[in-house]
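Notes for the one structure printed next.
Residue numbers (the working numbering), protein chains in the order written: chain P, 1200 to 1293; chain Z, 17 to 502.
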């Protein structure tokens, strides 16, 4: 199953990426080759096999809900590209 | 004299520091001067923190003087630049994080800090750990100390090169599909990927969360055991970190391997493996047999599907993990006229081609209409790969084979052909998919003088038997004593 340039552009937009015109061809070819290769998975009989999304027998997902130290606001904002009055600033959305 | 200090193993340096024969300041200065002299042509370091290292060395000195030091007090380390270091730039070798200064330490960094280690700086990697050669770094490749026109492997190539060239005593790397073991093999050092969950991932910048694991790259096996003891254990900040008690890893090293069964997967020594690698690995197996281990041929029939499963699972997880780089809270922002345009510009300029390729592949594998055929199918094959290993470990204590199908390849050789690059991880990837511990230990050289590594794999939480076997092999050979021509 090859991938078309239109699909590549669609996937790029889903991933919030833009591609330069000369990149569309390159990515289409490279992703096409990778997908052709991964299609070999179709050879494997996986009927009835439970998908394994994690190697841990039982992830420790739960803990007590306790208040503990967290990053102070000032420190959390030190890497902000833009900030104002203790908040992150982004371009106007509405 | 000062270069001699840089060549010492962690174990030997630790002994001399504790005996007061050398001081942490002296050792740190020796490394800083060696880095200044030699790293210009290797480019293992992205950031050298001379000021911080001197401060930490001074503190270690005071601590040793009070008789309060431990085995890592005053030991100079290099950290892969994917581990968050409070107050010290952490780039992930990406333009996206070129100016990022974390306000917190990764748990492993905090633990080593507490143990009194000295951090010389941050070392190079493939951008966001996505690569097998350190060539996708936004700041340029690292060179292999054995042959400058070869890659050091990747993604922890800076770590492996720095250890091999004696530009640090040891290093921490991370391994998602072989990123500790393969560069260790290509640079002739020891590299251990612990059992998934053994070491906290808190502060490790995420690539593929169900596969990523932090581990040591060192000059000798005992050094790796010492470092693992310091960084292993449960962390409330990582829900996937295991609660199992942490054994005394160095204590496992003296145990004999006579009577152990070493499984040799037939798929690991077949077609596609360089004859020189095959020869070195077969000799290594004979050495293990000479030490009293029993060799047994085993089969891991789904090996040939591991790379395909990995490149769907890892990229799917990456597409989700890297969604956080949106130019809002930290990292690069390239402003657009609205929020969507800001996202698009930031991510397009911030990520290099390999990262964008993997994000797109993962997005595709998870997208409507393809999820079943790709992501779900890959997760089923992952279960079968784990079953292969479970069956093998029912009769074997460890498995052994090559780390990589070839010795280090030349800079630029595979960069234009992503699929060929991916296939070089065929023997390391299954270990991550199954969550197992595995080590690379030097086992020979090609005729061209490039190092070759032996991979020893253990069952889940079998980190001890992996270290024990690697140590027995190392003690019976002298490959780890060879130094690159610098």
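Cβ atoms here follow ideal geometry from the backbone N, Cα and C, with glycine treated the same way.
Just so you know, these numbers come straight off a predicted model, no measurement behind them.
Against residue 1274 (chain P), what residues of chain Z qualify as contacts under a CB-to-CB distance less than 9 Å, listed in chain order? As a first step, residue 1274 (chain P) must be located in the first chain, where it is residue number 75. Within chain Z, the residues near residue 1274 (chain P) are 119 and 120.
Tell me, which residues are paired with residue 97 (chain Z) by DSSP? Here residue 97 (chain Z) refers to the residue found at position 81 when the second chain is read from its first residue. Bridge partners of residue 97 (chain Z): none, in fact.
Check residue 491 (chain Z) in the structure and name its three-state DSSP category. As a position in the second chain, residue 491 (chain Z) is number 475, starting the count at 1. It is helical.
In the structure shown, what three-state DSSP assignment does residue 1261 (chain P) receive? Here residue 1261 (chain P) refers to the residue found at position 62 when the first chain is read from its first residue. Looking at residue 1261 (chain P) - three-state DSSP - the assignment turns out to be coil, as it is neither helix nor strand.
Buried or exposed: residue 197 (chain Z), going by 16 or more other Cβ atoms within 10 Å of its Cβ? Sequence index remark: in the second chain, residue 197 (chain Z) carries index 181 (1-based). Residue 197 (chain Z) is buried by the Cβ-count criterion.
Within the 9 Å Cβ cut-off, does residue 394 (chain Z) reach chain P? Your numbering for residue 394 (chain Z) matches position 378 in the second chain. Yes, its Cβ sits closer than 9 Å to a Cβ of chain P.
So, do the stretch 126-146 of chain Z and the stretch 218-230 of chain Z have three or more beta carbon pairs nearer to each other than 8 Å? yes
Beta-carbon separation (whole angstroms), residue 442 (chain Z) vs residue 395 (chain Z), contact threshold 8 Å: Stepping through the second chain from its first residue, residue 442 (chain Z) is reached at position 426. Stepping through the second chain from its first residue, residue 395 (chain Z) is reached at position 379. Actually they are not in contact, since the Cβ atoms of residue 442 (chain Z) and residue 395 (chain Z) sit about 19 Å apart, beyond 8 Å.
Could you name the residues of chain Z that residue 1284 (chain P) contacts, counting a contact when the two beta carbons are closer than 8 Å? Indexing the first chain from 1 puts residue 1284 (chain P) at position 85. Near residue 1284 (chain P) there are no residues of chain Z at all, since even the closest Cβ is about 16 Å away, more than 8 Å.
Using the Cβ count rule (16 or more neighbours within 10 Å means buried), how would you classify residue 90 (chain Z)? For the purposes of this step, residue 90 (chain Z) is taken as the residue at position 74 of the second chain. The residue is buried, with at least 16 neighbouring Cβ atoms inside 10 Å.
When the cut-off is 9 Å and only beta carbons count, does residue 1237 (chain P) lie next to chain Z? Position 38 of the first chain, counting from 1, holds the residue named residue 1237 (chain P). Taking Cβ atoms only, chain Z reaches closer than 9 Å to residue 1237 (chain P), which makes this a yes.
Can you tell me the Cα-Cα spacing of residue 343 (chain Z) and residue 362 (chain Z), whole angstroms? Here residue 343 (chain Z) corresponds to residue number 327 of the second chain, with the count starting at 1. Here residue 362 (chain Z) corresponds to residue number 346 of the second chain, with the count starting at 1. Rounded to the nearest angstrom, the two C-alpha atoms are 6 Å apart.
Are there three or more Cβ pairs, one per stretch, closer than 8 Å when the stretch 1236-1247 of chain P is compared with the stretch 304-313 of chain Z? no
Backbone CA spacing between residue 51 (chain Z) and residue 498 (chain Z) [nearest angstrom]: Here residue 51 (chain Z) refers to the residue found at position 35 of the second chain. Here residue 498 (chain Z) refers to the residue found at position 482 of the second chain. Taking the straight line joining both Cα atoms gives about 20 Å.
When you compare only the Cα positions, how much space is there between residue 284 (chain Z) and residue 326 (chain Z)? Within the second chain, numbered from 1, the residue matching residue 284 (chain Z) stands at position 268. Within the second chain, numbered from 1, the residue matching residue 326 (chain Z) stands at position 310. About 17 Å.
Should residue 358 (chain Z) be flagged as near chain P, meaning a C-beta pair shorter than 9 Å? By 1-based counting over the second chain, the position of residue 358 (chain Z) is 342. Yes, residue 358 (chain Z) counts as interfacial toward chain P.
Are the Cβ atoms of residue 242 (chain Z) and residue 265 (chain Z) separated by less than 9 Å? In the second chain, counting from the first residue as 1, residue 242 (chain Z) sits at position 226. In the second chain, counting from the first residue as 1, residue 265 (chain Z) sits at position 249. Result yes, Cβ atoms of residue 242 (chain Z) and residue 265 (chain Z) sit closer than 9 Å.
When the Cβ atoms of the stretch 382-393 of chain Z are set against those of the stretch 410-425 of chain Z, are three or more pairs found closer than 8 Å? no
Going along chain P in order, which residues have a C-beta closer than 8 Å to the C-beta of residue 376 (chain Z)? Within the second chain, residue 376 (chain Z) is the residue found at index 360, counting from 1. Neighbours of residue 376 (chain Z) on chain P, chain order: 1207, 1210, 1211, 1214, 1216, 1226 and 1230.
Where the beta strand (DSSP E) containing residue 277 (chain Z) begins and where it ends: The sequence position of residue 277 (chain Z) within the second chain is 261, counting from 1. Start and end: 277-281.
Are any of the Cβ atoms in chain A nearer than 9 Å to that of residue 170 (chain Z)? Of the protein chains in the structure, P and Z, none is chain A.
Straight-line CA distance for residue 448 (chain Z) to residue 81 (chain Z)? As a first step, residue 448 (chain Z) is located in the second chain; it is residue number 432 there, counting from the start. As a first step, residue 81 (chain Z) is located in the second chain; it is residue number 65 there, counting from the start. So the two alpha carbons sit approximately 42 Å from each other.
Just to confirm the assignment, what range does the beta strand (DSSP E) spanning residue 191 (chain Z) have? Start at 1 with the first residue of the second chain, and residue 191 (chain Z) comes out as number 175. 186-191 is the extent of the beta strand (DSSP E) around residue 191 (chain Z).
Kindly list the residues whose CB is nearer than 7 Å to the CB of residue 438 (chain Z), restricted to its own chain and excluding five residues on each side of it in sequence; keep chain order. Counting from 1 along the second chain, the entry for residue 438 (chain Z) is found at position 422. Excluding positions up to five away in sequence, the list reads 323 and 327.
Check the Cβ of residue 300 (chain Z) against every Cβ in chain P and list those closer than 7 Å, keeping chain order. Mapped onto the second chain, residue 300 (chain Z) falls at position 284. Per Cβ cutoff of 7 Å: no residues; residue 300 (chain Z) is ~28 Å from chain P at best.
Would you please verify whether the beta carbon of residue 1201 (chain P) is less than 9 Å from any beta carbon of chain Z? As a position in the first chain, residue 1201 (chain P) is number 2, starting the count at 1. Residue 1201 (chain P) does not count as touching chain Z.
Skipping 5 residues on each side, what residues in its chain have a beta carbon closer than 8 Å to that of residue 1201 (chain P)? Locating residue 1201 (chain P) in the first chain gives position 2, where the first residue counts as 1. If we look at residue 1201 (chain P) and ignore the five residues flanking it on each side, its Cβ neighbours are 1231, 1234 and 1235.
Given that residue 1220 (chain P) touches chain Z, what residues does it touch there, using C-beta distances under 9 Å? On the first chain, position 21 is the one that residue 1220 (chain P) refers to. Near residue 1220 (chain P) there are no residues of chain Z at all, since even the closest Cβ is about 13 Å away, more than 9 Å.
Taking just the CA atoms, how far does residue 125 (chain Z) sit from residue 252 (chain Z)? Counting from one through the second chain, the residue named residue 252 (chain Z) turns up at place 236. Counting from one through the second chain, the residue named residue 125 (chain Z) turns up at place 109. About 15 Å.
Classify residue 166 (chain Z) as helix, strand or coil using the three-state DSSP reduction. To locate residue 166 (chain Z), count along the second chain from 1; it is residue 150. Residue 166 (chain Z): strand per DSSP, three-state reduction.
Closer than 7 Å by beta-carbon distance: list the chain Z residues that pair up with residue 1233 (chain P), in chain order. Residue 1233 (chain P) sits at position 34 when you count from the first residue of the first chain. Neighbours of residue 1233 (chain P) on chain Z, chain order: 327, 377, 434 and 435.
State yes or no: is the beta carbon of residue 361 (chain Z) nearer than 9 Å to at least one beta carbon in chain P? Here residue 361 (chain Z) corresponds to residue number 345 of the second chain, with the count starting at 1. It does; some Cβ of chain P falls within 9 Å.
Using a Cβ-Cβ cutoff of 7 Å, what residues of the stretch 1241-1256 of chain P are near chain Z? List them in chain order. 1243, 1245, 1248, 1249, 1250, 1251, 1252, 1253, 1254 and 1255
Near residue 158 (chain Z), what residues of its chain come up, given a Cβ to Cβ distance below 7 Å and the 5 sequence neighbours on each side ignored? Taking the first residue of the second chain as position 1, residue 158 (chain Z) is located at position 142. These residues qualify, in order along the chain: 58, 59, 60, 140, 150, 168, 173, 174 and 177.
Residue range of the beta strand (DSSP E) that includes residue 138 (chain Z): Counting from 1 along the second chain, the entry for residue 138 (chain Z) is found at position 122. Where residue 138 (chain Z) is concerned, the enclosing beta strand (DSSP E) stretches over 134-139.
Any beta carbon of chain Z sitting closer than 9 Å to that of residue 1204 (chain P)? Looking up residue 1204 (chain P) in the first chain gives position 5. Judged by the 9 Å Cβ criterion, residue 1204 (chain P) is not in contact with chain Z.
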